[in-house]
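Below is one structure; the comments refer to it alone.
Number of protein chains: 2
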Amino acid sequence: MKISTRGRYAVRVMLDLALHNTGEYIKVKDIAKRQEISEKYLEQIISILNKAGFVHSVRGAQGGYQIADDPKKFTIGMILRLTEGSLSPVACLESESNQCERCDTCETLDVWKDLTAAINNVVDNVTIADLVEKHNSSISYDYVI
Amino acid sequence: MKISTRGRYAVRVMLDLALHNTGEYIKVKDIAKRQEISEKYLEQIISILNKAGFVHSVRGAQGGYQIADDPKKFTIGMILRLTEGSLSPVACLESESNQCERCDTCETLDVWKDLTAAINNVVDNVTIADLVEKHNSSISYDYVI
DNA sequence: TATTTTCCTATTGACATAGTATGAATTATT
DNA sequence: AATAATTCATACTATGTCAATAGGAAAATA
Chain A
0 MKISTRGRYA
10 VRVMLDLALH
20 NTGEYIKVKD
30 IAKRQEISEK
40 YLEQIISILN
50 KAGFVHSVRG
60 AQGGYQIADD
70 PKKFTIGMIL
80 RLTEGSLSPV
90 ACLESESNQC
100 ERCDTCETLD
110 VWKDLTAAIN
120 NVVDNVTIAD
130 LVEKHNSSIS
140 YDYVI
Chain B
0 MKISTRGRYA
10 VRVMLDLALH
20 NTGEYIKVKD
30 IAKRQEISEK
40 YLEQIISILN
50 KAGFVHSVRG
60 AQGGYQIADD
70 PKKFTIGMIL
80 RLTEGSLSPV
90 ACLESESNQC
100 ERCDTCETLD
110 VWKDLTAAIN
120 NVVDNVTIAD
130 LVEKHNSSIS
140 YDYVI
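Protein sequence lines correspond, in order, to chains A and B.
Under numbering that gives the first Met the number 0, think of the first position of the first sequence as 0, with each following residue one higher.
Under numbering that gives the first Met the number 0, think of the first position of the second sequence as 0, with each following residue one higher.
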């Protein structure tokens, strides 16, 4: 029941791009340095985000990445589902084709349905913008104290 | 983000033992047949339940297993945590020693905390007795219709 | 042309999952 | 006492995923 680094790093990449969205393109190298993540591994992860249109890229010197839309538009759920696949804790709830023959009489299925709903309810109601806001408010606390 | 067969089978074993709790000891072979799970694999899983005291066993001919207490006493969460380990989706929330150095400034940590709480809230509020009840009520529907 | 960057794909080591296999220990039955 | 039935313990295996690492091609800028 773990979210892999792939999914967690993807969220951090999106947040990093949102926080540093000055108009310039942001290099993987810089994200990797800030987030303390392997450059080469990050390349793979950001490539997933890129293919899905969550970020857009410019190649070559002075190239890099930008977040592709308003941070409000990206929920944690979207990012995790993209990078991790379905967040349902059992395969039977992913698609019709994954259903087993016991589904009709499965006494435990409702638990997994409730669990899936609870998970979705959390991750679909937090956006990158929320994390940006949280970050900014914690920054200003540092100032005040 | 998947619950493995180990955890899911463990829940089904506990439910099976609760449903067939006539006073006789129930053989792995019978559970395996009803649940369509490999006998040998089930042995390993029920052995975990046994060591934790969730079931108790009698060896030898006519031996087998019984659920060790009132089905109300066993939540899905207890069973899953026993067989799967922590249900927290990130390692940082499992124990002090798993915390990384970025914990203090980690903007995503709150999401994982909320997610953990949501998961726990579901699995800790469903007991084996609830599943028994659900099973019995669906049985009686079959009668009526 | 040289440099910087993204893009693409292959490979690797470690680990977990989902079993299978073998047999020892224990108890009831005959 | 012998046999059969059962749990208990441990080792093994095949497959897959994770978390990278590695090497270079393609594109854009300077």
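Glycine is no exception: its CB is placed at the ideal position from the N, C-alpha and C atoms.
A straight line joining the alpha-carbon of residue 39(B) with that of residue 47(B) spans about 13 Å.
Within the same chain, and ignoring the five residues on either side of residue 128(B) in sequence, the residues whose Cβ sits closer than 6 Å to its Cβ are 70 and 71. Residue 17(B) and residue 90(B) have their C-alpha atoms roughly 33 Å apart. Residue pairing of residue 56(B) in beta bridges, as defined by DSSP: 64(B).
At a cut-off of 8 Å between beta-carbon atoms, residue 117(A) makes contact with chain B. The contact set of residue 14(B) on chain A, defined by CB atoms closer than 8 Å, consists of 106 and 107 in chain order. With respect to residue 3(A), residue 106(A) sits apart: the two C-beta atoms are not nearer than 8 Å. In this structure, the straight-line span from the alpha carbon of residue 13(A) to that of residue 135(A) is close to 16 Å. Taken atom to atom, the span from the alpha-carbon of residue 112(A) to that of residue 30(B) is near 24 Å. In this structure, the alpha-carbon of residue 22(A) lies about 55 Å from that of residue 130(B). Out of 63(B), 97(B), 80(B) and 76(B), the CA that lies nearest to the CA of residue 19(B) is found in 63(B). Remark: C-beta atoms of residue 117(B) and residue 118(A) approach each other more closely than 8 Å.
DSSP places residue 126(B) within a strand segment (E or B) once states are collapsed to three. Residue state for residue 74(B) is assigned as strand, using DSSP reduced to three classes. Between the alpha carbons of residue 92(A) and residue 61(A) lies a distance of about 44 Å. Pairing residue 44(B) with residue 54(B) gives a Cβ-Cβ distance that is not under 8 Å. Any Cβ of chain A closer than 8 Å to the Cβ of residue 33(B) would place that residue at the interface, and such an atom is absent. Closest option to residue 65(A), judged by alpha-carbon separation, among 52(A), 74(A), 76(A) and 77(A): 52(A). Close CB contacts of residue 73(B) within its chain, under the 7 Å cut and outside five residues either way in sequence, are with 13, 53, 126 and 127 (chain order).
Annotated three-state conformation of residue 45(A) is helix, per DSSP.
For the set 133(A), 124(A) and 25(A), the Cα lying nearest the Cα of residue 78(A) is the one of 124(A).
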